[in-house]
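Everything below concerns the one structure shown next.
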Amino acid sequence: MFTMLNPRKFYRAVGRKKFLDFFVLTVFLLFFYGPLTNLLMLAFAEIYQYPNLIPQKFGFKWWEFVLSQKTMMSAVGQSFMFAIVTTVFSLLICLPAAYGLARYKFPGRRLVMFSFMLSNAFPKIGLYTSIGIMYYKLNLMGTFLGVVLIHMINTMMFMVWIPCGAFSSVHRQQEEAARDVGAGPFLTFCKVTLPMAVPGIAVACIYTFLGSMDEAQGTLLVGVPQYQTMPVMMYTVISDYNVMAAAVYALAMVIPTIVLLVLLRRYVGPEAIASGFQMK
Amino acid sequence: MAEITTNIKPKLRIIDMTKRYKNGDGVEHINLDVYPGELVTMLGPSGCGKTTILRTIGGFLDIDDGDITIDGQSIALLSPEKRPTAMVFQSYNLWPHMSIYENLAFGMKLRKVPKEQMNQQILEMLKMVGMIGSEKKFPSQLSGGQQQRIAIARSLLLKPEVLLLDEPFSALDAKIRVQMREELIRIQQELGITVVFVTHDQEEAMAISHRIVVMNKGVFEQVGTPIEIYDHPVTRFVADFIGEMNFMETPDGIRAVRPESLSLSRGSQGDLHGHIRTIMVLGHYAEVNVQCGDAVIKCNVQRDQMAGWAVGDEVSLSYTKEQFFATETVE
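Chains H and B are the protein sequences, given in the same order. 1 is the number of the first residue of the first sequence in our numbering; add one for each residue after it. 1001 is the number of the first residue of the second sequence in our numbering; add one for each residue after it.
Below is the structure:
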């Protein structure tokens, strides 16, 4: 069986086309999962010295170290706190905007839609510096609200675009039918429009939540030292400790993301996301 | 309806109603009385204003002038949820996240109908529309025709004073459409409900209506029973829009003759003369196109009378019925 591992024999056995497919897949898998595998290996390494290819000793030493650091664990709590608050605030502000953009055709509508992308078009650090100046004037520097606002700047695009697409896919007749059978405008929104748009809104919430969990630059600039989230902490860990501690910390950051995606995998699909990015 | 006399009060009245859109389209000075138990159809090409009128009755469009009353009470200022009307749209009537039962129960719950009574009424209604057993299904599991049945059932469950139907069958296949038509007549007769129906399909309008309102460019061209409108169209537009019609220009106006009013004969005693261009057998009858000078005249001839005729034959046409539109009424 192992003779098949000889590339020449393999090539003869499966033919040219299959071999190319196999080759491309292998390169892709290495490219995609290589760094992750490396991260896993690092996280569970206890002793790992050059020039060894794999660690000399595996173990949970660095996990124990990271989990015992008070500052690191408080960062985890803060990250979740900011992610939840940012998601709730974005929902409250962006859903009405998304509904308005989906339902009413007014001059400049596309420009408004487009403007939500602008914050992603500028170099972030320049944007944050100018925001920082404003924050000093408004006394928002180092405050909880200040950090939430910074997080929201990045997630507004998702929270407006994706629900807007979801609301657009609710047909007027479906709302009118609800009015017709006796529901007022608010009840119609709650019982018909909103439930039908839930998949899109869920996707937007995931993006917002993960985006907030991932945000480092802005928090570093306006939150530190009062607020240190996990990604901000990452900078410290990388500069102050060894690569194994950083790997453990990075994995700890990935876990909530994976849990969320598994829980909501039903909603997170290319279609749901794509529908939000259609400029109608 | 033949039995309607002047001492019956109209169920629905549209009184000098005007609705104008920003772009200048719309309808002006519309007057229409619909009597209890009557099925009135608004018929016309797209953009003629028929749906506009229906939506003003349902409350989905505000009117600019005039009034709309049901049983003598003005409903013009009421929002859709407060009106005693129920509407069935062309498509997307049902809420896909609710089961059929929930779709049907939604409006009844808002009206606080007791649960026992609601269950019983929903079952009865599902039986009436032939959809027993679909309560637990979701709209996406039903065909287009079945969805429209449920939409009609949902409207009827609310016991509306007037049922409004906005091209409810036009998104369906031809066969289903004809079947739904027949069922609508049955349900309407069974319940004696007042219906305003909108369609662009003249055959559908002829089939189901007690009275038809033929509309064109925001104006009522003619209001009458299907037979009146078919046999005595008052304008050239109506003559052209309803059924098939041959138009023959004469110096003082236009003569209009239906294809079935024409008969073929040999010799020279007929009203028109020409030769047969094409013969198309369309089932129990054949369509014969006759070239008379510059004009092509269409005749519908029973199959058994077709024996012996061939393309190219000299033929003379005679007709029993005609409509005449003097030059000044021609647009």
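Cβ coordinates follow ideal geometry from the N, Cα and C atoms, glycine included.
Asked	Found
Between the segment 1105–1121 of chain B and chain H, which residues of the former have CB atoms less than 8 angstroms from a CB of the latter, in chain order?	F1106, G1107, L1110, R1111
Which class does N1093 of chain B belong to by DSSP, given the choice of helix, strand or coil?	coil
So, is the C-beta of H151 of chain H closer than 8 angstroms to a C-beta in chain B?	no
For T188 of chain H, which of B:L1110, B:K1175, B:I1063 has the nearest alpha-carbon?	B:L1110
Just checking my contact of R179 of chain H with P1080 of chain B at CB under 8 angstroms: how many whole Å lie between their CB atoms?	4 angstroms
Kindly indicate which three-state DSSP category V1330 of chain B falls into: helix, strand or coil?	At V1330 of chain B the pLDDT is 47, less than 50, meaning the model places this residue with poor confidence and gives no usable figure here.
Quick one: what does DSSP say H1029 of chain B is sitting in, helix, strand or coil?	strand
Tell me, please, whether the CB atom of W1095 of chain B is closer than 8 angstroms to any CB atom in chain H?	yes
Apart from the five residues just before and just after Q228 of chain H, which ones in its own chain have a Cβ nearer than 6 angstroms to its Cβ?	A75
Going straight from the alpha carbon of P1045 of chain B to that of L1054 of chain B, what length do you get?	15 angstroms
From L1317 of chain B to G1270 of chain B, what does the alpha carbon distance come to, in whole angstroms?	5 angstroms
Along chain B, in chain order, which residues have C-beta atoms closer than 9 angstroms to that of A202 of chain H?	Neighbours of A202 of chain H on chain B: none; closest Cβ ~13 angstroms, over 9 angstroms.
Can you pull the chain H residues whose beta carbon is under 7 angstroms from the beta carbon of G1058 of chain B, in chain order?	D180
For chain B, check one thing: does any of its Cβ atoms lie closer than 8 angstroms to the Cβ of A183 of chain H?	yes
Report the rounded CA-to-CA distance for T257 of chain H versus L210 of chain H, giving the unit in angstroms.	7 angstroms
Under three-state DSSP, which class holds T155 of chain H?	helix
Can you give the Cα-Cα distance for M253 of chain H and K124 of chain H, rounded to whole angstroms?	22 angstroms
Report yes or no: is there a C-beta of chain B within less than 8 angstroms of the C-beta of L264 of chain H?	no
Could you work out which residue in B:G1192, B:E1102, B:G1243, B:Y1021 is closest to V1035 of chain B when comparing CA atoms only?	Note on identity: in this sequence residue 1035 of chain B is Tyr, with Val being the wrong assignment. That would be B:G1192, whose Cα lies nearest to the Cα of Y1035 of chain B.
Can you pull the chain B residues whose beta carbon is under 7 angstroms from the beta carbon of V192 of chain H, in chain order?	W1095
Pull up the DSSP beta-bridge partners for I47 of chain H, would you.	H:K57
Is G83 of chain H close to chain B? Criterion is C-beta to C-beta, closer than 8 angstroms.	It should be pointed out that residue 83 of chain H corresponds to Ala in this sequence rather than to Gly. It does not; no Cβ of chain B falls within 8 angstroms.
Counting only Cβ-Cβ distances shorter than 9 angstroms, please list the residues of the segment 1070–1087 of chain B near chain H, keeping chain order.	S1079, P1080, E1081, K1082, R1083, T1085, A1086, M1087
Using 8 angstroms as the limit for Cβ to Cβ distance, is K280 of chain H near chain B?	At K280 of chain H, the pLDDT of 45 sits below 50, so the modelled position is not reliable; the number obtained from the coordinates is stated separately. It does not: the Cβ of K280 of chain H has no partner Cβ on chain B nearer than 8 angstroms.
Taking DSSP's pairing of strands, which residues face N1289 of chain B in a bridge?	B:T1278, B:K1298
Would you be able to state if there are at least three C-beta pairs under 8 angstroms between the segment 234–244 of chain H and the segment 33–45 of chain H?	yes
If contact means a Cβ-Cβ distance below 9 angstroms, which residues of the segment 1228–1244 of chain B contact chain H?	none
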